[in-house]
Structure formats: C-alpha cells, structure tokens
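There are 2 protein chains.
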Amino acid sequence: MSDGLSYADTGVDLDAAERAKEGLKGLVASTRDRYTLSELGQFGGLYAVPDHIASPVLVSSADGVGTKLKVAFATGRHDTVGQCLVNHCVNDILVQGAAPMFFLDYLATGVLEESVVQDVVRGVATACLENSCALLGGETAQMPDFYAEGEYDLAGFIVGQVERRSLIDGSAIVEGDVLVGLEASGLHTNGYTLARRIVFDVLGLGVDDELPGTGVSVGGELLKVHRSYLNALRTPLADGLVHGLAHITGGGIPGNLPRVLPEGLGASIESGSWPILPVFGALQEAGGVERSEMDRVFNMGVGMIVVCDEADAAAVIEAARADEIDAWRIGSVVPGDGVRYS
Amino acid sequence: MSDGLSYADTGVDLDAAERAKEGLKGLVASTRDRYTLSELGQFGGLYAVPDHIASPVLVSSADGVGTKLKVAFATGRHDTVGQCLVNHCVNDILVQGAAPMFFLDYLATGVLEESVVQDVVRGVATACLENSCALLGGETAQMPDFYAEGEYDLAGFIVGQVERRSLIDGSAIVEGDVLVGLEASGLHTNGYTLARRIVFDVLGLGVDDELPGTGVSVGGELLKVHRSYLNALRTPLADGLVHGLAHITGGGIPGNLPRVLPEGLGASIESGSWPILPVFGALQEAGGVERSEMDRVFNMGVGMIVVCDEADAAAVIEAARADEIDAWRIGSVVPGDGVRYS
Numbered sequence: 001m002s003d004g005l006s007y008a009d010t011g012v013d014l015d016a017a018e019r020a021k022e023g024l025k026g027l028v029a030s031t032r033d034r035y036t037l038s039e040l041g042q043f044g045g046l047y048a049v050p051d052h053i054a055s056p057v058l059v060s061s062a063d064g065v066g067t068k069l070k071v072a073f074a075t076g077r078h079d080t081v082g083q084c085l086v087n088h089c090v091n092d093i094l095v096q097g098a099a100p101m102f103f104l105d106y107l108a109t110g111v112l113e114e115s116v117v118q119d120v121v122r123g124v125a126t127a128c129l130e131n132s133c134a135l136l137g138g139e140t141a142q143m144p145d146f147y148a149e150g151e152y153d154l155a156g157f158i159v160g161q162v163e164r165r166s167l168i169d170g171s172a173i174v175e176g177d178v179l180v181g182l183e184a185s186g187l188h189t190n191g192y193t194l195a196r197r198i199v200f201d202v203l204g205l206g207v208d209d210e211l212p213g214t215g216v217s218v219g220g221e222l223l224k225v226h227r228s229y230l231n232a233l234r235t236p237l238a239d240g241l242v243h244g245l246a247h248i249t250g251g252g253i254p255g256n257l258p259r260v261l262p263e264g265l266g267a268s269i270e271s272g273s274w275p276i277l278p279v280f281g282a283l284q285e286a287g288g289v290e291r292s293e294m295d296r297v298f299n300m301g302v303g304m305i306v307v308c309d310e311a312d313a314a315a316v317i318e319a320a321r322a323d324e325i326d327a328w329r330i331g332s333v334v335p336g337d338g339v340r341y342s
Numbered sequence: 001m002s003d004g005l006s007y008a009d010t011g012v013d014l015d016a017a018e019r020a021k022e023g024l025k026g027l028v029a030s031t032r033d034r035y036t037l038s039e040l041g042q043f044g045g046l047y048a049v050p051d052h053i054a055s056p057v058l059v060s061s062a063d064g065v066g067t068k069l070k071v072a073f074a075t076g077r078h079d080t081v082g083q084c085l086v087n088h089c090v091n092d093i094l095v096q097g098a099a100p101m102f103f104l105d106y107l108a109t110g111v112l113e114e115s116v117v118q119d120v121v122r123g124v125a126t127a128c129l130e131n132s133c134a135l136l137g138g139e140t141a142q143m144p145d146f147y148a149e150g151e152y153d154l155a156g157f158i159v160g161q162v163e164r165r166s167l168i169d170g171s172a173i174v175e176g177d178v179l180v181g182l183e184a185s186g187l188h189t190n191g192y193t194l195a196r197r198i199v200f201d202v203l204g205l206g207v208d209d210e211l212p213g214t215g216v217s218v219g220g221e222l223l224k225v226h227r228s229y230l231n232a233l234r235t236p237l238a239d240g241l242v243h244g245l246a247h248i249t250g251g252g253i254p255g256n257l258p259r260v261l262p263e264g265l266g267a268s269i270e271s272g273s274w275p276i277l278p279v280f281g282a283l284q285e286a287g288g289v290e291r292s293e294m295d296r297v298f299n300m301g302v303g304m305i306v307v308c309d310e311a312d313a314a315a316v317i318e319a320a321r322a323d324e325i326d327a328w329r330i331g332s333v334v335p336g337d338g339v340r341y342s
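The listed protein sequences derive, respectively, from chains A and B. Mapping the first sequence onto the working numbering, position 192 (from 1) lands on 192, and the numbers just tick up by one. Mapping the second sequence onto the working numbering, position 215 (from 1) lands on 215, and the numbers just tick up by one.
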C-alpha cells in the first residue's frame, strides 16, 4: 500500500491550501462591515442587503488582471495586482452609480506558494478596505501542469448596490454636455500584451531598466496600481451632477465612451486637452504604433470620463482634484455617433 | 508606420472577442428573469433584489472547474464543464438555504477560439436555465503566452438570496440526527489531478478507452456533469426539514461534513450503507490508493449530505428520488468531533 498514490504525490497539497487560508483570516476580517454576516458562513459568504435602500438594484461585474500578471512574475512583486483587480471592478460598477458591497477573488496557481498567495490576497484586501468593500470569500485553486512554475491567474467578482432611481445609464446625456477626463495612474490593466512586446522584445529591457523618457523602471511603471475613482466621484454622484460615466479599459476611449452615449449622440475629443502620460509616448515611439491604434488599446492617461452639464464641469474637476486625481475638460457631446478627435 | 506593432500582431484580436460575445447574446438572454435589468446595463450586470423577501441575505460563492478542464481539452468536448461549474456554485450556496439569483463567469484563454468559447458558455447558460439563475455577465480574457494552445481556465461566481430567518448554519443539528447521502453522478469536480494521474499515467488509457469496470469511456466517465441538488432539496427546505447541509467537494466527507456540525458533535458514517460508484473502485485499485486517502480526496458517490431529524429522513429520501437522485441513510450525528467510519 505504501507504493500507492496520494493527492500530495500529484503536487496538490490540501494542507498547504488550508495553511494559506488560515494566514489570511485576519486580513479578510479587516474588510468586514456591519452587513457582513460571515461568522455564519462556511460554504458561501453572507451579506445582508442594507435596509436603508428603498429599492435596491445589485450591480455586478467580473474581471481578471490579464497579462499585467506577467510583470508581477518578472519582478517578484505580488502585492499590487490584487489592488488593480479590485479597483478595476469598483470602477466597472461605479459607472452605473453603484457603491461596492462585497468582492470575491479567484486565484489559480500551479504549485501553491503560501507567501505569494498571501501577498496577492493582501493586495486584494488592501484595496477592498480602501473602497469600503467586504472581501467576502474566494477560491484558491491548485492546478499542477496547468500554470507554469511561479505563475498564476487572478480574477475577481464584485457586487454593489444602487437605489433604482439613482441608476446611471447615460439616458440623462444631452448634446452639449461636457466630457471631463480623470487622470489615470498609467496603463491600469489594459494593453499589457502589446506593452510587454514593445518593452521586453523590441527594446530588450529588463524590469529594473529605466523605461526611456519616464524616469521610472520598467517594473515600477508597468506595475502602477489601477486607480479607483470611487472617492473622487462620491460628491458629484451624491449631488446628482453625473449624466454618464465611462471606465476607459480595453478598447480605449473609442471602445468605451460610445457604450454610454444615447442613440444619435457622439463624442468630440479635443486632442491635446490633457497631458499624455510619458509611458504612452515611450511605447508609441519604440513600437512604431499608429496613434489610432494607441487610442484603441490604451487609456492614454484618461482612466474615467464623466459626462455632465457644462455648468457642473468645474465642480466635477474640483472633486477629483480634492482626491488628488487631476482632471480636465477633454471634449463634448455632439450629434452623431462614435468618437471623433479634433 | 506600416512596420509598427498593432494589438492584433500580438495575438489579441479585439474584434474576435466582440464577435464571440455577439454570438452568445441570445443564449444569455434566455436565462433572464423579471429581476434582471440587463437592458440598462453596459459595464456591470443589473439585478433587482426581489421585493417579496422581508430581510434578504445575499449568499455568494466563487469557484473554478479545476483540472477537469484537462479532460475537456483531451476530448474536444467543451459544453459540459460550464454545467459543472454552475451546479457546483449552486450547491455551495444551497447549503446555507439560498436560491440562486445570478451568475457570472470568467473564461481565460490563450488564443480565443470562437467555437470553443461558445461551447463553454452554452454549458454555463444551460445550467443557469436549469437552476433558475440569470447569467448576468462575465469576462472573456485573451492572454497569449499564458495558456497553452487549446487550453483555458474557467471560473464562476454566484449570488443567491435567502430570508434571514431561513438561513441554514447547522445550529439546528442535534445528537441523534440522521445523515442522508444524495447520489453523486461521478467525481463531480474534485480529485481530477489524482484521477488523471491514475487513468492516463498509471493505466496509460486514452479518453476513448473504457475505464475498467465501469462500462464507460474514460472521457465519458470523467466528464459526467456535476449534479445540482437544488431541485431535489426544494421541498425539504420549504418544509423546514433540513437541519444542515454539506456539499461534498475537495476534502471529501471528512473535509466537508464537520464544517457544518456544531461544536461537540461529530458524524458516524456507516461504511457500506451506499453503493460506491464503480469509478472510485477502478481508481482505488489501479492507483493503489489507501481507502482513507480516497475518502479525503473524492466524494465516493455522495455529492450532498442532508442532516435532519430521524422522523424526516424518509421524506428527504423521497424528495431526492422524485428528482431521480438516489438517496440513503448513511449515518448519524454523535457526540465528539470529526468523522468516524464504522
């Protein structure tokens, strides 16, 4: 019998998974709020619907970090990608006016390294705390011969709530509304396959080399945390100033802004109305990428667009700057469809 | 400029992702119910909290298919793994008494094959329909040089609801309660790394070969759909017969049943009180796996355990059999802790 197979022989260590979870209990507990009923929960996470909302609508989104993870693998720094993931999801439901309630993560590894798992989940929990979002649960999967050694995939799911009458769906947008762009921290979580190709293959740089023209290392620049716009937009949302929101992710401004515009309306974007972050200039030049392709792949320094009445643009910009996020008038809503650059 | 890089050059085809999503619209729409407000949704999925629940508690769980996916890759059959995932998640929240509301999937691929994506999501949507669960959204990620050619990972996230007073947390369980085991269809989604090692490496079988002693091909046996116990347990739950539930997943009966038992109570399991499915005998024999290891890795033919009053055991068994799921008395709740086999 001692020659027989056991699960541990296959590389799956159930006890290691238990230990990793134990080490994360304190972290996860720190994100709980008064609606989190997790002490009751064993299999599923429990969250009471807040009773101060008359007609609650749940808003939910799923996302992954994508190939930004490859930069984490190359640098050995695993505590930021979880923040990117949570902030991305927070922004995705924020565009409909929703405030986060809870988050669950899915972390799939080949061989489970306890310290890496804990770093990843520490990032998730940190961002959950910053966004007043309970880390309600998650799955940590060990899948030997599925992921390369030292690699993993990370995805997440968020659920928020909004009063039904406060849902933002873009229907309030009218011709002449102003587009306010909110500053991105960098690439956020989009375009990494192209960016890595340019930086590592075309330029032949390593993660510790300086990314030309940025004054920052490749690893430092490419791991910059995807920004959450929740706090910057709390006041404009509460004051009813927001006609529509677009989170600028894969597809850039042309791929995301039209999704929120009503039929018959398009966007006119004024080129040069905001400072393109140096990282995008470096990537464009080194890769010989067409500007239109850059616009379609990257956020180009604008992570969120607020559509509002011209009279309210200054207040929106002010609110963002109070949260230390720069903001600019970058265009307006015009008859037509799609996005035109002028 | 024509020598410059574009995103498509890197293997990421944004248009292919759009086409795959378009082809799935009808499928996804078929799972909608009257609480699904998706016509408003662009970035996040929208779901109204049903207003007939006085004090709603949301119950949420995240899970992945795990290495059962490798069997799908080997057979080229991609329409069942999504069903396994949804049913697994449904069972995970069912153990707390929750009925599903909505589901989101995360599908990560290397190079996006439209037909495979559509097969996978067809499975997800099919099971969502069967479990009265809206497929509210999801993420399909293209991550070249992350996943091997023809491979993908699939995870999911479910949210259900339960009246606060109807939450099942095991606190109703008392000494002398009966354990009713509900029949599994096969391995469900656990223990695949060990099972594949035995079947493909030790026995050297291919997916079309018969798994010895089962009368079924390796692919047919290992792809059997993880069973949902939602319909089998609707009546016992509505009638208040259920003191506790344990979904038998990774860790087997010893790893899952104690999670639901109150402090000071353990389980006595009567060996031989249910028929061990042939697949487990075949795996144990070929792998020379100890019986205690088998019990700790596999469900051994019991996919769900219901803890109830002795007087209600017959009604629980009857309800399961009415849903064409066999069920048996497999043990009882005793003083102590953990699980003992007799």
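The beta carbon of each residue, even a glycine, is placed where N, CA and C say it ideally should be.
Length of the line joining the Cα atoms of N131(B) and V302(A): 41 Å
Distance between beta carbons of N256(A) and A184(A), contact taken as under 8 Å: Taking a contact as a CB-CB distance under 8 Å, the pair A184(A) and N256(A) does not count as one, their CB atoms being some 13 Å apart.
Bridge partner(s) assigned by DSSP for A195(A): In DSSP, A195(A) forms no bridge with anything.
Strand pairing of E183(B), partner residues [DSSP]: V302(B)
The alpha helix (DSSP H) enclosing T235(B), as first and last residue numbers: 230-238
Residues bridged to G64(B) [DSSP beta-bridge criterion]: A155(B), per the DSSP bridge assignment.
Assigned secondary structure, E163(A) (DSSP; H/G/I helix, E/B strand, else coil): strand
For V103(A), the nearest candidate out of V71(A), F146(A), E151(A), Q161(A) (CA to CA): Residue identity check: residue 103(A) is Phe in the sequence provided, not Val. It is Q161(A) whose Cα lies nearest to the Cα of F103(A).
Straight-line Cα distance separating S273(A) from R291(A): Looking at the two C-alpha atoms, the distance is approximately 16 Å.
Option nearest C361(B) by Cα separation, candidates G170(B), L222(B), A315(B), G137(B): Given a span of 1 to 342 for chain B in the structure shown, any question on residue 361(B) remains unanswerable.
C-beta neighbour in chain A for M143(B), strict 8 Å: Yes, M143(B) counts as interfacial toward chain A.
Residues within the segment 175-189 of chain B neighbouring chain A, beta-carbon criterion of under 9 Å: none
Straight-line gap, V339(A) to T31(B) (C-alpha atoms, nearest Å): 33 Å
Per-residue DSSP class, three states only, for G220(A): helix
One or two residues paired with V307(B) in a DSSP bridge: L179(B), G244(B)
Under 8 Å between C-beta atoms of I168(A) and V90(A): no
The alpha helix (DSSP H) enclosing T249(B), as first and last residue numbers: For T249(B), no alpha helix (DSSP H) segment is defined, and its DSSP state is neither H nor E.
CB contact below 8 Å: G137(B) versus chain A: yes
Proximity test, Cβ basis, 8 Å: F102(A) and chain B: Proximity of F102(A) to chain B, defined by a Cβ-Cβ separation below 8 Å, is satisfied.
Neighbour flag for A155(A) against chain B, beta carbons, 8 Å: yes
Minimum Cβ-Cβ distance from Y152(B) to chain A less than 8 Å: No, because no Cβ of chain A sits closer than 8 Å to the Cβ of Y152(B).
Classification of G41(A) by the beta-carbon crowding that lies within 10 angstroms, buried from 16 upward: Only weak support exists for where G41(A) lies, its pLDDT of 42 falling under 50; the value from the coordinates is given anyway. Counting the other Cβ atoms within 10 Å of the Cβ of G41(A) gives 16 or more, which makes it buried.
Proximal residues of chain B, C-beta to C-beta of L37(A) below 7 Å: V57
Delimiting residues of the alpha helix (DSSP H) encompassing T189(A): From DSSP, T189(A) is part of no alpha helix (DSSP H); its letter is neither H nor E.
Distance, S271(B) Cα to P335(B) Cα: 19 Å
Neighbour-count burial assignment, R165(A), 16 or more Cβ in a 10 Å radius: exposed
Residues near S332(B) by beta carbon distance below 7 Å, same chain, minus five either side: G176, D177, V178, L179, S268
Near-chain A residues of the segment 285-308 of chain B (beta-carbon distance less than 7 Å), N- to C-terminal order: G287, G288, V289, E290, E293, V297
Coarse secondary structure for F146(B), derived from DSSP in three states: coil
V86(B) versus G156(B), A322(B), A141(B), A320(B), residue with shortest Cα-Cα distance: G156(B)
Complete alpha helix (DSSP H) runs within the segment 33-110 of chain A (minimum length 4 residues, chain order): 68-75, 81-94
Selection from S61(A), I330(A), V111(A) that minimises the alpha carbon distance to E310(A): I330(A)
Collapsed DSSP secondary structure at E139(B) in the structure displayed: strand
Beta-carbon proximity of V120(A) to V71(A), cut-off 8 Å: Contact flag unset, no.
Against chain A: residues of the segment 60-94 of chain B by CB proximity under 7 Å: Against chain A - using a Cβ distance shorter than 7 Å - the residues of the segment 60-94 of chain B are S60, S61, A62, D63, G64, G66, T67, D92, I93.
Under 9 Å from the C-beta of R164(A): neighbouring residues of chain B: L37, A48
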